[in-house]
Every structure is written in structure tokens, then in C-alpha cells.
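Q:
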Amino acid sequence: MARRFLFQKLSSRMSRSSEPVTRLASVWEGASGSIIMYLQRTIPGWLPITLGFMAMKAALEPSITF
Numbered sequence: 006m007a008r009r010f011l012f013q014k015l016s017s018r019m020s021r022s023s024e025p026v027t028r029l030a031s032v033w034e035g036a037s038g039s040i041i042m043y044l045q046r047t048i049p050g051w052l053p054i055t056l057g058f059m060a061m062k063a064a065l066e067p068s069i070t071f
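See below:
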């Protein structure tokens, strides 16, 4: 409950200056994409790792993109 309130407060504060948020989201996209590419090149059996990372990214995404 308190977490949701804090999240709403933070998101309302960030929505006033939405450009840094979109920049942060694009940086996050680029970083996650490059991490996945790196895993695909280096680690054999990268598929479960990539799927796990994508699931983690999907769980984190609502807190980044507003």
C-alpha cells in the first residue's frame, strides 16, 4: 500500500519531466539488448538465460516506462 503510494508520487513527479524518463527507457532498451547479444555470443545454452532475462525485464518495465 505504501509502496503503491510512493510509486504514484514518483510517477506523477516524473510525468512532469517525461523526457528523462523516455531517455532512461531507451538506455534501458539498449543495455538489455546488448546484454542479450553478449549472452548469445559467449554462453552456450543462452536461450533459457535470455528468456529469464526477458521475463525479468518485463517485470521491471512498468517501473521504468510511464
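Note that my numbering gives residue 10 to position 5 of the sequence shown, counting from 1, and the numbers run on in steps of one.
For each residue, glycine too, the CB sits at the ideal point set by N, CA and C.
1) Sorted by chain position, which residues of the same chain lie with C-beta nearer than 7 angstroms to I41's C-beta, five sequence neighbours on each side aside?
2) Counting only the same chain and skipping the five closest in sequence on each side, list residues whose C-beta sits under 6 angstroms from that of S37.
3) Using the C-alpha atoms, what's the distance from P53 back to E34?
A: Quick answer:
1) T55 and F58
2) K62
3) 19 angstroms
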